[in-house]
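**Student:**
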Amino acid sequence: MKPDKILLLGSGALKIGEAGEFDYSGSQALKAIKEEGIKTVLINPNIATVQTSEGVADTVYFLPITPYFVEQVIAKERPQGVLLAFGGQTALNCGVELYHKGVFEKYGVDILGTPIQSIIETEDRELFVRRLNEIQVKTIESTAVQSVEQAQAAAENLGYPVIIRAAYALGGLGSGFCNNRDELKALAEKAFVYSPQVLVEKSLKGWKEIEFEVVRDAYDHCITVCHMENFDPLGIHTGESIVVAPTQTLDDREIKKLREVAIQIVRHLGVVGECNVQYAFDVSSDEYRVIEVNARLSRSSALASKATGYPLAFVAAKLALGYGLHQLKNSVTRSTSAFYEPAMDYVVCKIPRWDLGKFQGIDKTIGSSMKSVGEVMAVGRTFEEALQKGLRMIGQGMHGFMENRDLVIAEVDKALHEPTDMRIFVISKAMQAGYSVEQIHQLTHIDKWFLYKLQGIIETGRKLEVLSPPENHPEEGELLKSRGLQDRSLEQQAKNQKQQVKNWGEAEVELLYEAKRKGFSDFQIARALWKDDMTQEHPLTIRRLRKALGITPVVKQIDTLAGEFPAQANYLYLTYGGKEHDLEYCKDKRSVIVLGSGAYRIGSSVEFDWCGVQALQTIRSEGYRSVMINYNPETVSTDYDVCDRLYFDELTNERVMDIVELEDPAGVILSTGGQIPNNLAVILDKQNVPLLGTPARYIDNAEDRHKFSTMLDRMGVDQPRWKELSSLKAIEVFVREVGFPVLVRPSYVLSGAAMNVCSNKEEMERFLKQAANVSKQHPVVVSQFIEHAKEIEMDAVADKGQILAYAISEHVEFAGVHSGDATIQFPPQKLYVETVRRIKRITRQIAKELSITGPFNIQYLAKGNEIKVIECNLRASRSFPFVSKVLKINFIEMATKVMLGLPVQPPQKNEFDLDYVGIKASQFSFNRLQKADPVMGVDMASTGEVGCIADDTAEAILISMLAVGYRIPVKGILLSTGAARQKVDMLSATKLLHRKGYRLYATGGTHKFLKENGVPSHRVYWPGDTSKWPQALDLMHQKEIDLVVNIPRNLTKGELDNGYKIRRAAIDLNIPLLTNARLADAFITAFCSLTVEDIQIKSWQEY
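Be aware that the sequence shown starts at 247, since it is given in our numbering, and climbs by one per residue.
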């Protein structure tokens, strides 16, 4: 009996440890169920995802994924089945809680797929060990404990070092290594904040970590889809490690042994669907231990799907409906059944992306708890090729394993032994400094096979460095003119007469080819040859030379069957390890290439994936061939059926040009992928690539602050006073004119990297040092910072400078909080009609001046009646999915049609016709980032977002704050409310709290202010006043406080240090924290005027 309606739980906002991979797996599952004619209901407050778009699920609820809200939706929708495996740990934990409360039974909802008992057995560490003992499968020696005292006893018994892990936690939250009793006590206290059960286990640090992805159906058919190996040994979380597939350092016998154990486990536990088994393996003794089993789709399964082309989530959803593997077709190859193990004739490398530089005071070491925010997947014919591609893809200014000149490592031994986010580059520096493979192995425990391969890259690089640069290379500009047909004749020419370079012989040409096979980019080769004399022209010189010598990459398919059966996969990558292309190209000018957004990072996340997917769908529906270039395995845009051709490859000038020359497209779209594609506009335009949308010179005019500002002055549009300066003296003179605070920022940045507000001279000097490092060609811009101003965003679509559709939204917080961290209200509720009129007028002027075609975003400041422009982005912005879904007008679909040159009718309605409100709130992941100061400023810190809709602001604020993990306080509230202005802003909210009967605790100044204004509070003392009592920290530890409002007066170092201990303790003790007066006021007003029961359970479709 097939159910008529199924409920799927999503994973909510993107956070560290639980990111975009669940948008991908959830979208695939919904597709698989829809095919069967079953109605789908989705609960996911993450409005930026593809799965919450029109046409994916039948009904969408932008509500928190908590037992209360899920039960309300079940009561209203009455689904017959529920899927818990597609929303990460969030969905799983929520489902287990609902099961224990008897909610599923009460409403007659079947749990589809893996039985709930099996899920509990994999999540509860004690049960898990017991179940595996029944089939004599070895696990790591461990003890499950319920208190710190029990943990200490268990550790003494096992012997140090031990590792601690929290049950039911994701991404190693609350885990770490302990070498002694004191370390254990500190860590165990933290772990119990997240979970009632903690596991103390023997440390096997240094063993290999191997993973298997296993699929099982209800008929007991089992296959392993992929095995993967961590480059880093055990002790570094798999989400923090470079992962290589297939496994490189085990022999067939070892792989066969682990495969058999994995299948035995999955059968014994009764998993139905997809499952991930993680092993520790010791090569010297041939011993293995099972670390854990995830009976759900995970980050690893998203990687395995993309690495093999086997659609795991799609298959898992079908198996949950009762199908057998033998009854399903492999939807990628379309020629084999799903009951077939993929084979790989290529190597895949997954590399994490960290953004630790954005946080003050953060601990940069990596270990058993995740800190990375995103990841990339690179494909090559060899490990070396895939790794070097991947190191460029992470987008942190590195050019590969070598030629990273700017990197300085002080103590190499220490950096090898205590890994940080720079570990792989430390290995490169060590090898270049003469460390042997043996020495590095001793310090890192990384397998020598990998280290020898890395050594090989270094040796090739050294050979390049002693080569003299080529003399008579093809003329500059010669190939710029000859795109298309002449280009091919050049390749012919090369084949006919192997154009000799005057000072190079066969050996030099062979070395160039070897470097390309080992993953060196043209940039790296140019830097090795010309050293410090290299100019921007030299990499293009290498490109021309290469093509003249016939050294070009070939296109290969990721075909799941290693070519054993003919596959029609459109999953492609480029490599120098092959002789011919796997597909025929016909130059029919029907291709449109969309450049993706690359690795998720703070500042560029799932919002841009949504934009890219909408663009691809529109291109397809208009009869063009849709082509995507992207390398992020967590995304929907890299799914097998979202576009006609997918290149899993780099977003660099070199690689994009390789693909453009093969595809010969009708056009290339840059504006839906965030900042990475935008940065390529000028160089691609120079090479005559047909860019769709706003012309490249205008993109440069908007991106270059100097050009943009001069344009605004010419148009008579107001902006904060600023100057582009390159000496401290000139800066001091300017600051004397405008006064502190000032904003310091370099040109060309995304998400405010190295952008800072400085409140005094010392701070400014400190920040200027950082800004100079960010980009050498671009000097620093210093601008006046306007306090207490409202920030307003305009998202719009234009056609040749004429605006077709727009959305104006307002920030809840005042300017000074990055727009990616701000809480955004749309439609705006508190703007004057005159302000809106002026904003529309200025937007029209700018759109016309820059001849904008496609999506764009302008940020404004409003104070009194003055309106100033902060910046203009000629691309889709982070808020496009949010405004599109609240307004129910797909801005990207419209923008794509405009860029394709198709006629578009302006929509009939606008935001001021809406009788409901959307609130976009930010998700922070400070609980993962040990020691980081959890405060909001001009540099973006949030990792994700939610967007919730309600009939009024208070309700929308309450839902969205609950959806990002805030809880309504029950007992006490700690207040420390900053400067006088902020104390006044907070007064009405504090009075409300008092009326509601909350117990208020306040630090000195706040206590005095509240007393003067007739609000009683209990005085508490700062951690600095150790002699006084009661201490704020003690009350937090004693669980007397369940909301902390700590508002720094300003962002100076002294002020931040003062409140840091309280803010950090709030995060470590899992107490909700607010650091902004405007947001605190909005949230407090909301929960004091409404209860959770007052929130309406309405779907998106009902608004």
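All residues carry an ideal CB built from backbone N, CA and C; glycine is no exception.
Less than 8 Å between C-beta atoms, sequence neighbours within five positions excluded: which residues of the same chain meet that for His467?
**Tutor:** If you number the sequence shown from 1, residue 467 lands on position 221. Taken in chain order, the residues that qualify are Gly570, Leu571, His572 and Phe585.
**Student:** Could you tell me the alpha carbon to alpha carbon distance between Gly1164 and Lys277, rounded to whole angstroms?
**Tutor:** Position 918 of the sequence shown holds residue 1164. Position 31 of the sequence shown holds residue 277. Taking the straight line from one Cα to the other gives about 27 Å.
**Student:** Can you tell me which residues form a DSSP beta bridge with His1057?
**Tutor:** Locating residue 1057 in the sequence shown gives position 811, where the first residue counts as 1. Note: His1057 sits in a beta bridge opposite Ile1070.
**Student:** Once DSSP output is grouped into helix, strand and coil, what is the label at Asp1045?
**Tutor:** By one-based count along the sequence shown, residue 1045 stands at place 799. If DSSP states are grouped into helix, strand and coil, Asp1045 belongs with the strands.
**Student:** Cα-Cα, which of Val1028, Asp950, Leu373 and Leu1289 is closest to Leu971?
**Tutor:** As a working mapping, residue 971 is identified with position 725 in the sequence shown. Per the Cα distances, Val1028.
**Student:** Provide the residue(s) that pair with Glu317 in DSSP beta bridges, ordered along the chain.
**Tutor:** Position 71 of the sequence shown, counted from the first residue, corresponds to residue 317. In DSSP, Glu317 forms no bridge with anything.
**Student:** If you compare alpha carbons, which of Lys285, Ala1068, Thr1223 and Gly334 is closest to Arg1124?
**Tutor:** For this step, residue 1124 is matched to residue 878 along the sequence shown. When only C-alpha atoms are compared, the closest one is Ala1068.
**Student:** When the distance is taken between beta carbons, is Thr495 closer than 8 Å to Ser546?
**Tutor:** Your numbering for residue 546 matches position 300 in the sequence shown. Your numbering for residue 495 matches position 249 in the sequence shown. In this structure, Thr495 does not lie closer than 8 Å to Ser546 by Cβ.
**Student:** Roughly how far, in whole angstroms, is the beta-carbon of Tyr440 from the beta-carbon of Gly420, given that I think they are within contact range, below 8 Å?
**Tutor:** For the purposes of this step, residue 440 is taken as the residue at position 194 of the sequence shown. For the purposes of this step, residue 420 is taken as the residue at position 174 of the sequence shown. At roughly 4 Å, the Cβ-Cβ gap stays under 8 Å, so Tyr440 and Gly420 are in contact.
**Student:** Fully enclosed by the region 364-419, which beta strand (DSSP E) runs are 3 residues long or longer?
**Tutor:** Fully enclosed beta strand (DSSP E) runs of 3 or longer: 388-391 and 408-412.
**Student:** For Trp453, count neighbouring Cβ atoms within 10 angstroms of its own Cβ and tell me buried if that reaches 16, exposed if not.
**Tutor:** Along the sequence shown, one-based indexing puts residue 453 at 207. Trp453 should be labelled buried.
**Student:** For Gly422, list the residues DSSP reports as bridge partners.
**Tutor:** Here residue 422 corresponds to residue number 176 of the sequence shown, with the count starting at 1. Partner(s): Ile410.
**Student:** Would you report the Cα separation of Val1043 and Ser299, rounded to the nearest angstrom?
**Tutor:** To locate residue 1043, count along the sequence shown from 1; it is residue 797. To locate residue 299, count along the sequence shown from 1; it is residue 53. Distance between the alpha carbons of Val1043 and Ser299: 19 Å.
**Student:** Pull up the CB-CB distance for Ala1235 and Asp1327, whole angstroms please, since I reckon it's below 8 Å.
**Tutor:** Reading the sequence shown from its first residue, position 989 is the one you call residue 1235. Reading the sequence shown from its first residue, position 1081 is the one you call residue 1327. Indeed, because the Cβ distance is near 5 Å, the residues count as touching under 8 Å.
**Student:** Using the three-state DSSP reduction, which class does Phe332 fall into: helix, strand or coil?
**Tutor:** Indexing the sequence shown from 1 puts residue 332 at position 86. Coil.
**Student:** Taking only three categories from DSSP, how would you classify Phe954?
**Tutor:** Numbered from 1 along the sequence shown, position 708 holds the residue referred to as residue 954. Here Phe954 sits in helix by DSSP.
**Student:** So what's Trp1268 in DSSP terms, helix, strand or just coil?
**Tutor:** Translated into positions along the sequence shown, residue 1268 becomes position 1022. It is coil, neither helix nor strand.
**Student:** When we look at the beta-carbon of Ser682 and count the other beta-carbons within 10 Å, is it buried (16 or more) or exposed?
**Tutor:** As a working note, residue 682 is residue 436 in the sequence shown. By the 10 Å Cβ count, Ser682 comes out exposed.
**Student:** Give me the DSSP bridge partner(s) of Gly1193.
**Tutor:** In the sequence shown, residue 1193 corresponds to position 947, counting from 1. Answer is Lys1166, bridged to Gly1193.
**Student:** Taking DSSP as the reference, what is the three-state secondary structure of Ile875?
**Tutor:** In the sequence shown, the residue the question calls residue 875 occupies position 629. Strand, per DSSP.
**Student:** Reducing DSSP to helix, strand and coil, say where Tyr586 ends up.
**Tutor:** Residue numbering aside, residue 586 sits at position 340 when the sequence shown is read from its first letter. DSSP places Tyr586 in coil when its eight states are reduced to three.
**Student:** Hey, would you say Ala679 sits closer than 8 Å to Ile686, going by beta carbons?
**Tutor:** Residue mapping note: residue 679 aligns to position 433 of the sequence shown, counting from 1. Residue mapping note: residue 686 aligns to position 440 of the sequence shown, counting from 1. Result no, Cβ atoms of Ala679 and Ile686 do not sit closer than 8 Å.
**Student:** Mind checking who Asp356 pairs with in its DSSP beta bridge?
**Tutor:** Mapped onto the sequence shown, residue 356 falls at position 110. Paired residue(s): Gly327.
**Student:** Is it buried or exposed for Val287, if we count other Cβ within 10 angstroms and need 16 for buried?
**Tutor:** As a first step, residue 287 is located in the sequence shown; it is residue number 41 there, counting from the start. Val287 should be labelled buried.
**Student:** Helix, strand or coil for Val1020 per DSSP?
**Tutor:** Position 774 of the sequence shown, counted from the start, is the residue given in the question as residue 1020. With a pLDDT of only 43 at Val1020, under 50, the local geometry of the prediction cannot be trusted, and the value read off the model is given with reservation. If DSSP states are grouped into helix, strand and coil, Val1020 belongs with the helices.
**Student:** Could you tell me the boundaries of the beta strand (DSSP E) in which Arg535 lies?
**Tutor:** On the sequence shown, residue 535 is found 289 positions in, with the first residue counted as 1. First-last of the beta strand (DSSP E) with Arg535: Glu533 to Asn540.
**Student:** Since Ile488 and Lys596 should fall inside the 8 Å C-beta cutoff, what is the C-beta to C-beta distance between them, to a whole number of angstroms?
**Tutor:** Here residue 488 corresponds to residue number 242 of the sequence shown, with the count starting at 1. Here residue 596 corresponds to residue number 350 of the sequence shown, with the count starting at 1. Right, their Cβ atoms sit about 7 Å apart.
**Student:** How about Ala1248 and Met1207: do their beta carbons lie closer than 8 Å?
**Tutor:** Numbered from 1 along the sequence shown, position 1002 holds the residue referred to as residue 1248. Numbered from 1 along the sequence shown, position 961 holds the residue referred to as residue 1207. Contact: no.
**Student:** May I ask which residues mark the beginning and end of the alpha helix (DSSP H) holding Ile922?
**Tutor:** Reading the sequence shown from its first residue, position 676 is the one you call residue 922. Gln921 to Asn925 is the span of the alpha helix (DSSP H), which, as asked, contains Ile922.
**Student:** Could you tell me whether the region 863-882 touches the region 1110-1127, where touching means 3 or more Cβ pairs closer than 8 Å?
**Tutor:** No: the two stretches stay apart, fewer than three of their Cβ pairs being nearer than 8 Å.
**Student:** To the nearest angstrom, report how far apart Ala390 and Glu372 are at their CA atoms.
**Tutor:** Numbered from its first residue, the sequence shown carries residue 390 at position 144. Numbered from its first residue, the sequence shown carries residue 372 at position 126. So the alpha carbons of these two residues sit roughly 6 Å apart.
**Student:** What does the alpha-carbon distance come out to for the pair Val1266 and Pro987?
**Tutor:** If you number the sequence shown from 1, residue 1266 lands on position 1020. If you number the sequence shown from 1, residue 987 lands on position 741. Spanning the two alpha carbons is a distance of roughly 31 Å.
**Student:** Hey, would you say Gly1047 sits closer than 8 Å to Ser1097, going by beta carbons?
**Tutor:** Along the sequence shown, one-based indexing puts residue 1047 at 801. Along the sequence shown, one-based indexing puts residue 1097 at 851. Yes, these two residues count as a Cβ contact at 8 Å.
**Student:** Just tell me which of Ile788, Val747, Val408 and Pro1269 has its CA closest to the CA of Lys762.
**Tutor:** Within the sequence shown, residue 762 is the residue found at index 516, counting from 1. Minimum Cα distance to Lys762 is reached at Ile788.
**Student:** Less than 8 Å between the C-beta atoms of Val1409 and Ser273, yes or no?
**Tutor:** Given that the chain is displayed from residue 247 to residue 1349, the structure contains no residue 1409 and the question cannot be resolved.
**Student:** Would you kindly report the start and end of the unbroken alpha helix (DSSP H) that includes Ile703?
**Tutor:** Residue mapping note: residue 703 aligns to position 457 of the sequence shown, counting from 1. Unbroken alpha helix (DSSP H) run through Ile703: Lys694 to Glu711.
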